[in-house]
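**Q** To start, I am sharing the structure in question, which I have written as structure tokens.
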Amino acid sequence: MTTAKAQPERPAPVRRAGGAHQKLLAFASLIVLVIGFSIASQRFFQIDNILSILQAASVNGVLAVGVTLIIITGGIDLSIGTMMTFCAVITGVVLTWMGAPLLVGVLTAIATGAACGLLSGTLVTKARIPPFIATLGLMLVLKGLSLIVTGTKPIYFNDTPGYTEISTGSLVGLVMPQFPLPNGVLVLFLVAAIVGWILTRTVLGRYTFALGSNEEAVRLSGVNTDRWKIAIYALAGAICGIAGLLISSRLNSAQPALGLGYELEAIAAVVIGGTSLSGGRGTILGTLIGALIMAVLTNGLRVLSVAPEWQTVVTGVIIIVAVYADQLRRRKAA
Amino acid sequence: MTTAKAQPERPAPVRRAGGAHQKLLAFASLIVLVIGFSIASQRFFQIDNILSILQAASVNGVLAVGVTLIIITGGIDLSIGTMMTFCAVITGVVLTWMGAPLLVGVLTAIATGAACGLLSGTLVTKARIPPFIATLGLMLVLKGLSLIVTGTKPIYFNDTPGYTEISTGSLVGLVMPQFPLPNGVLVLFLVAAIVGWILTRTVLGRYTFALGSNEEAVRLSGVNTDRWKIAIYALAGAICGIAGLLISSRLNSAQPALGLGYELEAIAAVVIGGTSLSGGRGTILGTLIGALIMAVLTNGLRVLSVAPEWQTVVTGVIIIVAVYADQLRRRKAA
Amino acid sequence: MTELVRMEGIEKRFPGVHALKSVSFDLRAGEVHALMGENGAGKSTLMKVLSGVYQPDAGRILVDGREVTLPGPAAAQAQGIGIIHQELALMRDLTVGQNIWIGREPRLSFGRIDEARLNADAQALLARLNLNIDPRTPVGGLTIARQQMVEIAKALSYRSRVLIMDEPTAALNDAEIAELFRIIAALKAEGVGIIYISHKMDEIKRISDRVTVMRDGALVDTVPAADTPISRIIAMMVGRALADEAVVIPDLSAANPALEVRGLWRGQELRDISFSLKKGEILGFAGLMGAGRTELARAIFGAEPCDKGEILVAGLPVSIRSPSDAVRAGIGYLSEDRKQFGLALGMDVRANIAMASLPRFASRIGAIDEDALGDIASDYIAKLSIRTPGDRQEVRLLSGGNQQKVVIAKWLLRDCDILIFDEPTRGIDVGAKAEIYRLLNDLAAKGKAVIVISSELPEVLRLAHRIAVMCEGRLTGILPGGAAQEQIMELATKREGVAA
Amino acid sequence: DEVYIPLVSKGFQHQFWQAVKQGADKAGAEFGVKVSFDGPDNETQVDKQIDMLSAALANNPAAIGIAALDSQAVIPLLKKAQEAGIPVVAFDSGVDSDIPVTTATTDNKAAAALAADKMGELLGGEGKVAVIGHSQTSLTGIDRRDGFVNELAAKFPKIEIVAVEYGDGDHLKSTEITKAILAANPDIKGIFGTNEGSAIGVVNGVREMGAKVTIVGFDSGKAQKDAIREGLMAGAITQNPVGIGYETVKAALAASKGEALPKIIDTGFYWYDATNIDDPTISAVLYD
Ligand SMILES: Nc1ncnc2c1ncn2[C@@H]1O[C@H](COP(=O)(O)OP(=O)(O)OP(=O)(O)O)[C@@H](O)[C@H]1O
Ligand SMILES: Nc1ncnc2c1ncn2[C@@H]1O[C@H](COP(=O)(O)OP(=O)(O)OP(=O)(O)O)[C@@H](O)[C@H]1O
Ligand SMILES: [Mg+2]
Ligand SMILES: [Mg+2]
């Protein structure tokens with residue numbers, strides 16, 4: 004806060020948004036990591052490798068953006084990983100088994116995710132099941148259903164021309180051949196931009212923060228909290244559907260066993276990005292940075308050919324250090 | 004609860020502790036499950052199988068009891084699974100590689116866990132890293148270290164006679180040969196009883212709840228909240244050490260690659276048992292019931308030879324339904 | 236005057252508590268109807284029924300003569316009923332403007348919020364209350380008084396025909412109360428009916444037209460305010476008359492100093508504060524909102540760091556870097572914000588009373604002597620007449636005033652040599668207030684040193700042996716007890732660089 | 070500059086993959102090339118493996134070894150490698166493409182069929198049998214399950230498969246599964262565990278239940294070897310993981326020099342039991 008003398012007319016710089024240099028500082032850990040790896044290996048900072056990193060961040064990034072919404076409401080979603088897979092599987096059924104056109108497949112993925120989100124949102128609000136349990140249950144159900152639907156075998160998209168382009172093609176590359184940014188990364192940035200816009204500019208976004216801040220107060224203000232919460236879960240589910248498209252397009256197949264463990268990685272990206280698990284605060288930019296930090300870290304250690312067991316150790320240490328540094332920065336800023 | 008006519012002088016029966024029939028009702032889901040499976044298959048309700056279920060609940064149960072403490076403070080511990088493994092590995096080093104006597108090994112396991120808990124507690128309090136990140140980092144670090152220390156090979160306890168007895172022997176069986184309750188289960192009950200006592204009867208326990216309820220209010224009451232919180236993490240770590248003993252004794256080896264995923268299962272048991280992830284409330288009895296529900300569910304579905312993919316689906320559904328039923332009961336009681 | 240609302244035979248039971256016993260109540264257009272009663276009498280519960288938060292077990296509610304059901308807050312709003320809750324219901328992570336307009340955001344296309352209009356509208360509302368708060372400030376950073384003002388602004392924004400104010404002034408000082416009353420007068424003129432709950436007796440006389448008194452969940456009577464003396468209302472509330480005592484200033488010339496503060500600085504909030512406090516003395520702190528009294532108390536208590544300065548306890552310098560240091564040095568601090576800083580709401584009365592003194596009830600291995608604890612808790616429940624079904628009731632289920640008593644009990648039990656009480660009687664009824672004043676005097680008589688920070692000048696005048704006055708982070712003067720109000724106000728507004 | 074050959078495997082924590090790594094390291098030391106070995110945590114993480122592959126390619130290696138988790142998903146990256154002139158050697162299981170210059174593998178189906186033959190003989194051609202798989206979806210998991218089940222069905226019609234469960238190769242989980250199966254089918258005669266963790270789980274479960282069951286395992290490791298010596302386990306199939314690792318690096322090096330290679334390098338599999346466990350040929354392909 005400012006001093007008591009502060010004139011009321013000019014607001015104190017709002018804490019949440021932060022100034023431009025504040026925003027830059029949020030990137031500090033990421034930048035330090037990139038510079039560090041670039042010094043350690045000339046192979047690291049090559050266009051190709053940077054594109055791989057972005058590509059690697061895309062699926063986790065999209066999942067993390069979706070779950071950011073839920074975490075800001077003070078909830079948690081453990082089902083996002085298997086939900087992503089389930090959406091991919093249903094898309095595979097529609098495209099490969101039923102031979103529907105590409106666009107229908109894309110819409111199916113998103114609709115499937117939204118429907119799953121609707122379900123978990125309803126369980127959380129109407130049946131008052133804690134989000135952890137509701138989404139844990141859904142995680143298991145969707146995991147099983149994916150295996151059942153596919154008969155435990157991957158569904159390949161070989162008969163849908165252009166399917167792999169969703170993730171691995173490059174619209175940017177058509178314009179700038181020297182920088183063939185994969186479409187998957189484009190999708191990530193697009194999803195992040197839209198969700199960021201929703202969060203900061205729309206009523207839905209406002210209620211997302213409000214619910215996480217004090218749900219009872221929102222309810223007492225006459226807002227139909229259940230309906231909005233369900234909407235948020237459904238939106239997050241739709242985003243999982245997009246992640247399902249990305250991963251299956253990248254693998255040119257819906258892998259039914261995939262997905263478990265992805266929720267933890269996505270939640271980690273969100274929390275590394277500064278969003279609080281107790282709800283009420285968080286930014287999409289932070290989540291993006293969190294996802295990028297994780298992708299840079301994994302890729303960088305691999306490019307350095309660090310032994311896998313040491314990769315794990317170093318990743319753990321760096322995650323802690325990065326968040327600690329960020330913590331210090333925030334404390335200083337406050 | 005009683006009727007509203009109760010005179011203010013004599014307090015209404017306290018809700019937290021609950022009457023005897025309240026406590027019984029907490030078992031309702033578990034009992035329904037057991038009865039259901041017993042009807043579905045005569046193989047289910049056999050002494051041998053019941054003992055298997057209890058045995059299967061023991062490692063997860065001990066972990067869950069430990070993490071209950073942390074969850075009540077409003078924290079979370081993702082490192083418990085790999086911490087358990089790490090403790091087992093260090094015990095293996097001390098017993099098998101260094102040839103120490105059994106008791107030293109037992110103490111080593113507990114001390115290693117306590118030290119790890121001390122570390123994560125310090126990160127959470129002194130460095131103010133959110134518990135999710137601090138323990139995620141520790142999870143990765145310990146996972147890597149276990150592989151590094153062992154050279155990714157299991158350490159066997161063949162040279163420590165009696166090591167497998169810790170978990171699979173039966174002291175009860177010596178007295179009651181027809182009911183050879185494995186020691187591992189005994190350890191679970193013992194740990195649960197002690198931690199339950201600590202939670203409800205001691206200063207540490209009272210502060211555990213208070214920290215989860217309103218940490219700032221506790222701090223402003225002149226309590227050294229950091230110190231108590233570190234103590235709680237250390238205690239939870241020590242309990243992980245006991246879980247490490249149980250699992251390695253059962254497998255007669257410290258398996259360095261094991262452990263990931265056990266944290267989720269333990270946390271699930273805690274939440275199924277009615278402990279709130281936002282802290283401030285929870286019971287060890289609930290956690291025990293949660294762990295048993297999970298063990299009964301997995302065993303029962305297997306005994307019924309349900310196809311594995313359907314097992315997952317049914318487990319998910321039943322977890323949701325069980326918690327929903329419990330929710331209804333509580334709402335009615337309130 | 237036309238009748239806006241009528242409640243008939245309202246019943247409400249909670250586990251262990253019969254909160255409302257066939258209560259009837261009515262409100263007319265353009266009147267201020269005061270609702271009075273001891274802590275836990277059922278005032279807030281009745282109003283929660285009227286605002287759709289609670290469903291009555293029996294009884295009818297009529298709005299404009301038509302029977303209505305109010306299944307939720309939205310339904311009550313639709314009937315034109317607005318409420319300022321006693322327990323603030325704000326979203327700490329949202330800004331002031333966002334809080335005010337929650338649920339009614341001005342929208343643009345695509346569900347976008349017109350943030351500029353939202354802030355402008357909020358600014359206008361705040362200006363109406365003469366309040367200098369930027370609508371873009373996050374609410375979590377505001378003092379409790381300012382949060383209360385935001386809550387009032389929010390309630391006004393609904394333009395309700397029926398406005399319920401549940402202890403709106405508990406956290407406010409005179410200047411802000413004056414602003415509120417100005418608004419109330421304007422609303423009255425517009426024909427709005429206002430239900431007003433307060434424990435500040437003087438306010439009742441100032442603004443209300445009728446007074447309804449409740450006791451133990453039942454209606455006592457509804458009387459016109461103009462021709463009912465305060466003493467009669469108090470008698471209706473507590474069932475007996477209360478004597479009005481004046482401060483007695485003891486001779487402390489021989490007493491040893493208990494606490495000395497020398498040259499305390501913290502940014503712009505605390506500037507060069509020095510004072511001393513003797514054993515057996517009650518030092519009152521007066522000042523306008525934001526004068527820095529709370530800041531000073533928190534700094535002394537180690538809840539917040541200070542830049543420089545020295546603190547001496549019983550003549551010896553002490554280093555206080557955290558509240559636990561302070562408590563060890565014998566300093567206790569009762570915060571002005573019980574919900575955020577004072578109570579573990581989800582825990583029972585017993586645990587909260589014991590929160591600062593637990594080790595005293597523990598064996599060497601840390602086992603708590605529950606019997607001893609229960610006895611002590613019951614003692615305090617009786618001594619402070621805390622209305623609760625027992626010491627095992629969760630504190631969040633108590634009425635606001637009774638919650639405050641629990642915090643007081645916590646510090647009384649801790650038995651510190653130096654006690655800093657920040658707004659100790661917030662939300663406490665007249666009877667209990669007198670009881671607490673007596674307790675504070677007893678403490679002082681036993682040689683404890685007490686600081687009382689209060690925004691209620693009469694309270695400071697009634698209690699303090701000396702009165703310290705702050706303005707904008709500076710200590711502008713220390714007056715003898717019983718000083719004239721004008722003198723205090725002069726020091727409280729003595730800005731730096733402005734000749735007094 | 071040192072010749073660099075990265076191997077992207079299906080895992081690295083399990084004994085099997087450690088043995089492959091051991092062989093690769095041995096070849097690396099022998100031929101003086103730098104070898105790295107990486108793999109995801111479990112065999113479902115197809116996309117993680119692709120990220121690993123692209124990190125490996127970023128280092129511009131002389132050649133690359135890949136044990137693909139999905140036979141198609143890696144193809145785009147392998148094409149990229151081909152364009153960059155980096156030869157690819159597949160190991161453990163093949164890829165649906167002719168890009169790999171060779172594949173160093175064993176036939177998991179045939180190996181599991183041999184386990185079935187042994188099980189059938191040991192049971193005298195009749196009785197109830199269960200399978201504890203290590204994965205319902207990975208190629209090795211499917212091949213070993215199907216190889217075993219199909220062979221039993223074809224050769225021993227009187228043997229009934231009563232349960233097929235999956236323990237993710239987790240020792241403890243496999244133990245619990247075994248116990249549940251034993252509880253449900255007290256008359257079970259034989260159990261097959263499809264990898265080390267599964268097999269050890271079966272041994273543990275049978276031991277804890279005190280049952281008398283013919284156990285056939287897969288892979289090796291100290292615990293399995295001990296169980297065979299003790300007579301708890303009838304025997305097990307072992308592949309030659311060390312050989313796979315060695316041959317992969319050797320072939321990759323040869324490919325980087327443009328030498329011609331056979332399409333398949335079969336490293337074989339063996340049945341071992343108490344009778345031949347100490348034979349030099351067998352003990353050479355076993356690991357602890
Ligand atoms: N949700 C609840 N559960 C149980 N008891 C409750 C609940 N809400 C209120 N009570 C009890 O009902 C009684 C009336 O409470 P209420 O809040 O209406 O009092 P009040 O008159 O507003 O008191 P105060 O002046 O302290 O605000 C109190 O004894 C309180 O403890
Ligand atoms: N105009 C203002 N805008 C925002 N914050 C303010 C303003 N004026 C004062 N404050 C804040 O109020 C705090 C000082 O108020 P403090 O609570 O210590 O005063 P007080 O004398 O106890 O008054 P109160 O009656 O509000 O409790 C400081 O944190 C200061 O930053
Ligand atoms: Mg009230
Ligand atoms: Mg104050």
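Chains as they are written, first to last, in my numbering: chain A, 4 to 337; chain B, 4 to 337; chain C, 236 to 735; chain D, 70 to 357. We put the beta carbon where it would ideally sit given N, CA and C, even for glycine.
(1) Check the Cβ-Cβ distances between Gly108(D) and every residue of chain A, and say whether any is below 8 Å.
(2) Are at least three pairs of beta-carbons, each pair with one atom in the stretch 30 to 37 of chain A and one in the stretch 109 to 118 of chain D, less than 8 Å apart?
(3) Compare the C-alpha of Ala310(A) against each of Thr350(D), Val104(D), Lys291(D), Gly210(D) and name the closest.
(4) Should the stretch 130 to 139 of chain B be called in touch with the stretch 293 to 305 of chain A, which here means at least 3 C-beta pairs below 8 Å?
(5) Could you give the first and the last residue of the continuous beta strand (DSSP E) run that contains Gln312(C)?
(6) Hey, out of Arg301(C), Gly625(C), Asp328(C), whose CA is closest to Gly208(A)'s CA?
(7) What's the call for Gly39(B), buried or exposed, on a 16-neighbour Cβ count within 10 Å?
(8) If the cut-off is 7 Å on Cβ atoms, which residues from the stretch 204 to 235 of chain B count as contacting chain C, listed in chain order?
(9) By how many angstroms is the C-alpha of Pro310(D) removed from the C-alpha of Ala179(D)?
(10) Ligand 4 and Thr280(C): does the residue's C-beta get closer than 7 Å to at least one heavy atom of that ligand?
(11) Would you mind sorting Asp256(D) into buried or exposed? The rule is 16 or more other CB atoms within 10 Å of its CB.
(12) I want to see whether chain A comes within less than 8 Å of Leu325(C), judged by CB atoms only; does it?
(13) Could you tell me the distance, in whole angstroms, from the CA atom of Asn274(C) to the CA atom of Ala117(B)?
(14) Can you name, in chain order, every residue of its own chain whose Cβ lies under 8 Å from the Cβ of Pro492(C), other than the five neighbours on each side?
(15) Counting only runs of 4+ residues fully inside the stretch 267 to 326 of chain C, write out the alpha helix (DSSP H) ranges in chain order.
(16) How long is the line joining the alpha carbons of Ile233(A) and Cys243(A), rounded to whole angstroms?
(17) Which residue or residues does DSSP assign as beta-bridge partners of Gln45(B)?
(18) Look at the alpha carbon of Arg18(A) and the alpha carbon of Arg533(C), and state the distance between them as a whole number of angstroms.
(19) Relative to the alpha-carbon of Ile430(C), which residue among Ala680(C), Glu243(C), Lys278(C) has its alpha-carbon at the smallest distance?
(20) Compute the Euclidean distance between the alpha carbons of Arg357(C) and Pro370(C), then round it to the nearest angstrom.
(21) Just how far apart, CA to CA, sit Arg230(A) and Gln314(C)?
(22) My guess is that Arg661(C) and Gln639(C) are in contact by the Cβ rule of under 8 Å, so how many angstroms apart are they, rounded?
(23) Grab me the residues of Met524(C)'s own chain with a C-beta within less than 8 Å of its C-beta, minus the 5 sequence neighbours each way, in chain order.
(24) So Met271(C) and Ile439(C) are in contact, right, with Cβ under 8 Å, and what is the actual spacing, rounded?
(25) Measure the beta-carbon distance from Leu150(A) to Gln118(D) and round it to whole angstroms, keeping in mind my assumption that it falls under 8 Å.
(26) List, in order along the chain, the chain D residues whose C-beta lies closer than 9 Å to that of Asp80(B)?
(27) Counting pairs of beta carbons, one from the stretch 95 to 111 of chain A and one from the stretch 272 to 287 of chain A, are three or more of them closer than 8 Å?
(28) Among residues of its own chain, excluding the 5 on either side of Pro11(A), which ones have a beta-carbon nearer than 6 Å to its beta-carbon?
(29) Taking Asn186(B) as the query, report the chain D residues whose CB atoms sit under 7 Å from its CB, ordered along the chain.
(30) Taking Asp606(C) as part of the alpha helix (DSSP H), name the residues at either end of that continuous run.
(31) Quick one, are the C-beta atoms of Ala538(C) and Pro558(C) less than 8 Å apart?
(32) Compare the Cα-Cα distances from Val274(A) to each of Leu121(A), Leu288(A), Gly262(A), Leu263(A) and report the closest residue.
(33) Checking contacts by CB at 8 Å: is Val316(A) closer than that to chain B?
**A** Result, derived from the coordinates:
(1) yes
(2) no
(3) Val104(D)
(4) no
(5) Looking at the DSSP string, Gln312(C) is not in any beta strand (DSSP E); the run it does join, the alpha helix (DSSP H), is 308 to 313.
(6) Asp328(C)
(7) Result: exposed.
(8) Arg204, Thr205, Val206, Leu207, Arg209, Phe212, Ala213, Ser216, Asn217, Glu219, Ala220, Val221, Arg222, Leu223, Ser224, Gly225, Val226, Asn227
(9) 16 Å
(10) Here the distance from the Cβ of Thr280(C) to the nearest heavy atom of ligand 4 is not below 7 Å.
(11) Under this definition Asp256(D) is an exposed residue.
(12) yes
(13) 47 Å
(14) Ser511, Leu512, Lys513, Lys514, Leu547, Ala549, Gly550
(15) Runs of the alpha helix (DSSP H) inside the stretch 267 to 326 of chain C: 278 to 285, 308 to 313.
(16) 15 Å
(17) Answer is none; Gln45(B) lacks a bridge partner.
(18) Its pLDDT being 40, under 50, Arg18(A) is placed unreliably by the model, and the measurement read from it follows with that caveat. Approximately 23 Å, taken between the alpha carbons.
(19) The shortest CA-to-CA distance from Ile430(C) to any of Ala680(C), Glu243(C), Lys278(C) is the one to Lys278(C).
(20) The question names Arg, yet the displayed sequence has Ala at residue 357(C). Cα to Cα, the separation comes out at about 6 Å.
(21) 22 Å
(22) Your pair Arg661(C) and Gln639(C) checks out as a contact, with CB atoms roughly 6 Å apart and the cut at 8 Å.
(23) Thr378, Ala380, Arg381, Leu407, Asn408, Ala410, Glu411, Ser690
(24) 7 Å
(25) About 20 Å separates the two Cβ atoms, so there is no contact after all.
(26) Per Cβ cutoff of 9 Å: no residues; Asp80(B) is ~20 Å from chain D at best.
(27) no
(28) Bear in mind that a pLDDT of 37 at Pro11(A), under 50, signals an unreliable position, so the number given afterwards is only what the model happens to contain. Answer for Pro11(A): no residue qualifies.
(29) None at all; the shortest Cβ gap to chain D is about 12 Å.
(30) From DSSP, the alpha helix (DSSP H) with Asp606(C) extends over 605 to 618.
(31) yes
(32) Leu288(A)
(33) Yes - at least one Cβ of chain B is within 8 Å of the one on Val316(A).
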